[in-house]
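Enquirer: Okay, handing you the structure first.
Chains as they are written, first to last, in our numbering: chain X, 56 to 161; chain B, 252 to 480.
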């Protein structure tokens, strides 16, 4: 890292400000009025593609490259367990163990 | 707070506990990686306390840790956070009060809380959302405190496979969401958009662009116009 301690504080201040802005803009400017039904239908479907994209990019993307690694296998195992209604904490632990084992032994 | 609100808040807290448990370990690894990169423990903890946005924290950290500059780190964090813009717009009509009050309530948005509080009719149960955020905030802060002060003992969190937790965390929220009519199709379209854009755009953009798959709501038939019971 090339940043000094005071530059890190500058970065942190920037992160706090931008995150609060991004979270606040919608409620501040869009709120307080009834929105049309088509808008609400779109909104009701917004989470699945966002979450699915977050999952596949964190598992398969490294910068601008796509590829698989030990974590891909671990997350797949965790995913299968979740589909089988295993609790999140257990599925997460399994994903971590599989990933660590693959990194250690393969 | 009405009795209904109180019940929603308490249900939210219960829903948030497992996410908090997993979030604890994720934020612990943030504390380790941040101090390893050169943050002081207090700085790592300040990020967890006042930014409280996992994907943006990791994106900005990975940039400065590899020698990147502040503007690049902030840009990456904002791109990762940009999904909160879509979430905030969606949530806005369900928030009462004036602008300042609504803006403050919007700060409670985190992925799991927002997704679980979303109803089929496009409105949100805000008290449940606040409740789900509470245990996650506490655990997130505690995890970073532990990680920031024990980083020397732990070493590289990737060695322990801790990087696999983050996707599993989001996968569990996604699976709960897929029960919604039309959700599977939009999820698949979102994945295709995201993967197609990964080689072409900076990280974060593929995720934001994937949200356009929700526009399928304009053409898909569905019961989503009826208010939920």
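All residues carry an ideal CB built from backbone N, CA and C; glycine is no exception. It should be emphasised that the depicted structure is a prediction, and the values quoted were computed from it without experimental measurement.
(1) On the DSSP letters alone, give me the boundaries of the alpha helix (DSSP H) that residue 129 of chain X sits inside.
(2) Could you tell me which chain B residues have their CB closer than 7 Å to the CB of residue 91 of chain X, listed as they occur along the chain?
(3) Counting only Cβ pairs nearer than 7 Å, list the residues of chain B close to residue 61 of chain X.
(4) In chain order, what are the residue ranges of uninterrupted alpha helix (DSSP H) at least 4 long that sit wholly in the region 359-431 of chain B?
(5) Using only CA atoms, which one of B:414, B:385, B:348, B:346 lies nearest to residue 364 of chain B?
(6) Looking at chain X, is there any beta carbon in it that lies within less than 8 Å of the beta carbon of residue 256 of chain B?
(7) Determine, using beta carbons only, whether residue 309 of chain B and residue 63 of chain X come nearer to each other than 8 Å.
(8) Helix, strand or coil for residue 157 of chain X, going by three-state DSSP, please let me know.
(9) Look at residue 74 of chain X and residue 323 of chain B and say whether their C-beta atoms are less than 8 Å apart.
(10) For a contact defined as C-beta to C-beta under 7 Å, what are the partners of residue 418 of chain B on chain X?
(11) Compare the Cα-Cα distances from residue 407 of chain B to each of B:283, B:257, B:273 and report the closest residue.
(12) Which one of B:403, B:421, B:447, B:471 has the shortest CA to CA distance from residue 431 of chain B?
(13) For residue 269 of chain B versus residue 109 of chain X, is the C-beta distance shorter than 8 Å?
(14) Checking 8 Å against the spacing of the C-beta atoms, do residue 371 of chain B and residue 159 of chain X come in under that value?
(15) Please list, in chain order, the chain X residues whose beta carbon lies closer than 7 Å to that of residue 301 of chain B.
(16) Counting contacts by CB-CB distance shorter than 8 Å, is residue 122 of chain X in contact with chain B?
(17) Looking at residue 355 of chain B: is its Cβ nearer than 8 Å to the Cβ of residue 85 of chain X?
(18) On the criterion of 16 or more Cβ atoms from any shown chain inside 10 Å, does residue 475 of chain B qualify as buried, or is it exposed?
(19) Determine which residues share a DSSP beta bridge with residue 121 of chain X and list them.
(20) My output table needs one value for residue 58 of chain X: the three-state DSSP class, helix, strand or coil.
(21) Whole angstroms is fine: what's the gap from residue 135 of chain X's alpha carbon to residue 77 of chain X's?
(22) Return the CA-CA distance between residue 391 of chain B and residue 124 of chain X, expressed in angstroms with no decimal places.
Expert: Quick answer:
(1) 125-138
(2) Within 7 Å Cβ-Cβ: nothing; residue 91 of chain X doesn't reach chain B, min ~10 Å.
(3) In chain order: nothing, as chain B lies at least about 10 Å away.
(4) 362-368, 377-405, 416-428
(5) B:385
(6) no
(7) no
(8) helix
(9) no
(10) 110, 113, 114, 130
(11) B:283
(12) B:471
(13) no
(14) no
(15) 71
(16) no
(17) no
(18) With a pLDDT of 44 at residue 475 of chain B, under the threshold of 50, the modelled position of that residue is not reliable, and no figure is offered here.
(19) X:116
(20) coil
(21) 34 Å
(22) 27 Å
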